[in-house]
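In what follows, a structure is listed as structure tokens, so that the remarks can point back to it.
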Amino acid sequence: MVAIHAVDGMPGVGKTALARHVAHLVADRFPDGQLFVDLHAHSPDRAPSEPGDVLAGLLAATGLTAEHIPEGTSARADRWRDRMAGKRLLLVLDNAATGEQVAPLLPGSAGCLVLITSRRRLARLRRDYGATILPLEVLPESEAVALFTRVHPHRLDAAGQAAVVRLVRLCGYLPLAITVLASGIGTDGQTSGITDVLADLEVTQDRLASIDEYRDSLELGVAAVFDLSYQRLTAEQQRVLRLLSLTPGTDIDLYAAAALTDLPVTAVQRHLRDLYTHHLAEQPAHHRYRLHDLINLYARAHTITDEADAAAGRLLDFYQHTAAIAATRIRRRGTTPHHTTTPACTSPVPDLPDQAQATAWLRAERANLAACVAYTRRHSQHARTVDLAASFAAFLRQDGPWTDGIALQTDILTIVKGFGDRNGEAWTLSELGNLRVATGDYPQATVLLERALTIHLDIGDRHGEAYTVTELGCLRRLTGDYLQAAALLERALAVFRGFRDRNGESWVLCELANLRRLTGDYPQATALQEQSLAIRLDIADRHGEAWTLAELGRIWRLAGDYLQAAALLERALAVFRGFRDRNGESWVLCELANLRRLTGDYPQATALLEKALTTARDLGDRQTESEVLNYQGDLLRSSGNSEPARACHVQALRLAREAGSPLDEARALAGIGRCAVATSVINGIADMRRALEIFRRLGAAEAAELAAEIDAIS
Numbered sequence: 003m004v005a006i007h008a009v010d011g012m013p014g015v016g017k018t019a020l021a022r023h024v025a026h027l028v029a030d031r032f033p034d035g036q037l038f039v040d041l042h043a044h045s046p047d048r049a050p051s052e053p054g055d056v057l058a059g060l061l062a063a064t065g066l067t068a069e070h071i072p073e074g075t076s077a078r079a080d081r082w083r084d085r086m087a088g089k090r091l092l093l094v095l096d097n098a099a100t101g102e103q104v105a106p107l108l109p110g111s112a113g114c115l116v117l118i119t120s121r122r123r124l125a126r127l128r129r130d131y132g133a134t135i136l137p138l139e140v141l142p143e144s145e146a147v148a149l150f151t152r153v154h155p156h157r158l159d160a161a162g163q164a165a166v167v168r169l170v171r172l173c174g175y176l177p178l179a180i181t182v183l184a185s186g187i188g189t190d191g192q193t194s195g196i197t198d199v200l201a202d203l204e205v206t207q208d209r210l211a212s213i214d215e216y217r218d219s220l221e222l223g224v225a226a227v228f229d230l231s232y233q234r235l236t237a238e239q240q241r242v243l244r245l246l247s248l249t250p251g252t253d254i255d256l257y258a259a260a261a262l263t264d265l266p267v268t269a270v271q272r273h274l275r276d277l278y279t280h281h282l283a284e285q286p287a288h289h290r291y292r293l294h295d296l297i298n299l300y301a302r303a304h305t306i307t308d309e310a311d312a313a314a315g316r317l318l319d320f321y322q323h324t325a326a327i328a329a330t331r332i333r334r335r336g337t338t339p340h341h342t343t344t345p346a347c348t349s350p351v352p353d354l355p356d357q358a359q360a361t362a363w364l365r366a367e368r369a370n371l372a373a374c375v376a377y378t379r380r381h382s383q384h385a386r387t388v389d390l391a392a393s394f395a396a397f398l399r400q401d402g403p404w405t406d407g408i409a410l411q412t413d414i415l416t417i418v419k420g421f422g423d424r425n426g427e428a429w430t431l432s433e434l435g436n437l438r439v440a441t442g443d444y445p446q447a448t449v450l451l452e453r454a455l456t457i458h459l460d461i462g463d464r465h466g467e468a469y470t471v472t473e474l475g476c477l478r479r480l481t482g483d484y485l486q487a488a489a490l491l492e493r494a495l496a497v498f499r500g501f502r503d504r505n506g507e508s509w510v511l512c513e514l515a516n517l518r519r520l521t522g523d524y525p526q527a528t529a530l531q532e533q534s535l536a537i538r539l540d541i542a543d544r545h546g547e548a549w550t551l552a553e554l555g556r557i558w559r560l561a562g563d564y565l566q567a568a569a570l571l572e573r574a575l576a577v578f579r580g581f582r583d584r585n586g587e588s589w590v591l592c593e594l595a596n597l598r599r600l601t602g603d604y605p606q607a608t609a610l611l612e613k614a615l616t617t618a619r620d621l622g623d624r625q626t627e628s629e630v631l632n633y634q635g636d637l638l639r640s641s642g643n644s645e646p647a648r649a650c651h652v653q654a655l656r657l658a659r660e661a662g663s664p665l666d667e668a669r670a671l672a673g674i675g676r677c678a679v680a681t682s683v684i685n686g687i688a689d690m691r692r693a694l695e696i697f698r699r700l701g702a703a704e705a706a707e708l709a710a711e712i713d714a715i716s
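Laid out in structure tokens, this is it:
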């Protein structure tokens, strides 16, 4: 078979230049000739070439006189193949429109090579003729910079080189745009010329036009090249392309595109596939589409104001509606803040029946949701901003980074206070307090949660009261006030049961069990966790189930049943990984590492703790970070490395004191003391006794073990 290579790619990506370059390199292998034919799929002011006309030209180019050229495309194709039999010829078919246009032009000789360029993906050629399809993408940054410097070959200082990197980024790494810009900038080699161009491009309202100002008057600019592709589209395809430019984030799925265009999902999918085939849209993932940066600018410049406003409204409705549903699925606390709503949405939405699918959707749409929040803030759509941000914040609470969640909730707080929305203010304060707990800022968390509780009580919001009281109970546990923690949790439990909020009930039962565990009442802790687990299984709360399994695993580890502990922790880990919940995963890895240490598998324990520590730091989870550092210290000391172990405990001590966490402080002091005993019994016992004092004040189960240890040493 003839060797066929089809290069496809977006306008201006360098398909023709590549084909010409390859043809030049291999020309000497084809002694019977090299032919270049422009098929004019995207030439200005003319239609694509008819195959029959092209064949007539090819036959004439190979020496056939006009009277011997047959009539009709089929007859000419047969004559063309006959004349190429046994020949070694290179044929470049540039700017092809379709596979149907190209097929009659293909020679039949195995000694021939055909290079084809097209803005369309010519899948038919691969299927019917075994063609090799070579999609040509925009350049990597390093190659884009190299292209710029080849076209503009002047020595530049560091500032000029840095400016070139930013210039090629503004060109979207598109070879045509880079070439136009580099060739049009002054040739005096001065850095100032390049930095001036950069400054202009970074502030211009029309980047495409600004780039094209540097083109030679006889050549097509970037916008003109895009025009040729745009004009080949149907009116509806043009409309879809224009509206895609309104996508707030980086890419868009079929449901969002359907809302944006006000089309059925199947119809918009067909149009998106067509745009993808024409290399006017990219497909970064299954059923997700995006526009190249410069095509996006081109399409946006062609939007009609009324059309764009209506489309943006539909898209925001879609994201607001779907995000509210997804947030309800993933909230761990069994409550939905009362200041959020689920707005009407006239377009189809994805089915998000459970936590896993809701989480997957939120992760896929993360950039779009963040962009929607920013868009609505810029356009003073305050109510919509609050609803979108509240849903997005629920996701950030799960996936992190928590500092982003804090920033977002702080913005929401400003807006709801401006509205005079006390209910919204209370819920936002509660969420902020919860995030401050997660990041280990217990003093600020206390202030926020107490402010929230005051408002909930003032406005008679019993559900909000239960939510915030539970958070305060968790906080009191972390700060060592176990009696107050128990009282608050029992109070919340009564309210949740009164509302028949089983998710809230299971949450409080889990927290009460944690209190019992900390005071060494393992049977009661187990019973409470099993009650929590039964509810979570009954209501299909997989995420809550994982947390309860993990807590049960910790109890069994403390009770000395390492096999049962490992089994429960592995079950929890599988669920967390299914959700890609890095917070839960790092917590379980920390517990599994401690188990491995206790069973003597130090290498595995080390690896698990390193993974847990990395994740905790990525999330900003200082409480887990402190716990991991203490476990690392215990592990290093167990393997005879007292100095590195002490360093870990010292870091944990600093974090614990900054957070105001006496339990973690005591554990760090105990670790420091155990490390010091190896060189100075007196100093070591002093730290251990300080730890014992804290454990006893808390009523922690670790007090008895540490007291026995001190007695044995002294």
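Letter by letter, the sequence shown follows residues 3 to 716 in this note's numbering.
Glycine included, C-beta positions come from ideal geometry on N, C-alpha and C.
Using the Cβ count rule (16 or more neighbours within 10 Å means buried), how would you classify Arg699? exposed
If you count every other CB in all the chains shown that lies within 10 Å of the CB of Thr337, and 16 or more means buried, which is it? Here the model assigns Thr337 a pLDDT of 47, short of 50, so the residue's position is not dependable, and the following value carries that caveat. Thr337 is buried by the Cβ-count criterion.
Which residue wins for smallest C-alpha separation from Asp98, given the options Pro72, Asp40 and Ala148? At residue 98 the sequence reads Ala, which differs from the Asp that was named. The residue with the shortest Cα to Cα distance from Ala98 is Asp40.
Who are the Cβ neighbours of Glu707 in its own chain at under 8 Å, not counting the five residues just before and after it? none
DSSP has Ile135 in a bridge; who is on the other side? Ala8
Are the CB atoms of Val439 and Leu490 nearer to each other than 8 Å? no
Helix, strand or coil at Phe32 [DSSP, three-state]: coil
Residues that Phe38 bridges to, as DSSP identifies them: Val94
Beta strand (DSSP E) runs wholly inside the region 45-123, at least 3 long, in chain order: 92-98 and 115-120
Are the Cβ atoms of Ala328 and Leu354 separated by less than 8 Å? yes
Just the Cα atoms here: how many angstroms apart are Thr647 and Gln625? Per the sequence shown, the amino acid found at residue 647 is Ala instead of Thr. Near 18 Å, if we compare the C-alpha coordinates of Gln625 and Ala647.
For Val153, which residues in the same chain have their Cβ closer than 8 Å to its Cβ, ignoring the five residues on either side in sequence? Ile180, Thr181, Ala184 and Ser185
Please report whether the beta-carbon of Ser663 lies at a distance below 8 Å from any beta-carbon of chain D. Any reference to chain D falls outside this structure, which holds one protein chain only.
Counting C-beta neighbours from all protein chains within 10 Å, is the total for Thr268 16 or more, i.e. buried, or is it exposed? exposed
Quick one: which unbroken beta strand (DSSP E) runs of 3-plus residues sit fully inside the region 513-546? Chain order, please. none
Own chain, CB closer than 8 Å to Asp295, minus 5 neighbours either side, in chain order: Gly174
Val140 burial status per 10 Å Cβ neighbour count (16 or more: buried): buried
Give a yes or no on contact between the region 103-117 and the region 4-24, applying the rule of three or more CB pairs nearer than 8 Å. yes
Status (buried if at least 16 other CB within 10 Å, exposed otherwise) for Val56: buried
List the DSSP bridge partners of Asp255. Arg290
Evaluate contact between the region 537-554 and the region 493-506, counting only Cβ atoms and requiring at least three cross-stretch pairs below 8 Å. yes
For Gln357, which residues of its own chain have a beta-carbon under 8 Å away from its beta-carbon, when the five flanking residues on both sides are left out? Arg331, Ile332, Asp543, Arg544, His545 and Phe581
Give me the residue from Met12, His323, Pro137 and Leu60 with the minimum Cα distance to Thr37. In the sequence as displayed, the identity of residue 37 is Leu instead of Thr. The candidate whose alpha carbon is nearest that of Leu37 is Leu60.
Skipping 5 residues on each side, what residues in its chain have a beta carbon closer than 6 Å to that of Ala165? Ile196, Thr197 and Leu200
Can you grab the Cα-Cα spacing for the pair Asp190 / Leu93, in whole Å? Only weak support exists for where Asp190 lies, its pLDDT of 49 falling under 50; the value from the coordinates is given anyway. Approximately 41 Å, taken between the alpha carbons.
Leu517 to Gln533, Cα distance in whole Å? 15 Å
Hey, would you say Arg90 sits closer than 8 Å to Phe32, going by beta carbons? yes
What does DSSP give as the partner residue(s) for Glu284 in the beta ladder? Arg292
Residues in its own chain within less than 6 Å of Arg424 by CB, not counting five upstream and five downstream? Ile457 and Ile461
Span of the alpha helix (DSSP H), counted from its first residue to its last, around Thr626: Arg624 to Ser640
First and last residue of the alpha helix (DSSP H) that includes Ala654? Ser644 to Ala661
Pairwise C-alpha distance: Ala376 and Tyr469: 28 Å
If Ala607 and Leu637 are in contact, beta carbons under 8 Å, what's the gap, nearest whole angstrom? 5 Å
Return the chain-ordered ranges of every alpha helix (DSSP H) run that is complete within the region 445-496 and spans a minimum of 4 residues. 464-480
Neighbourhood of Val630 by C-beta distance below 7 Å, restricted to the same chain and skipping five residues each side: Cys592, Leu611, Ala614, Leu615 and Ala618
Could you pull the start and end residues of the alpha helix (DSSP H) that Cys347 belongs to? It is not in any alpha helix (DSSP H) - Cys347 carries neither H nor E in the DSSP assignment.
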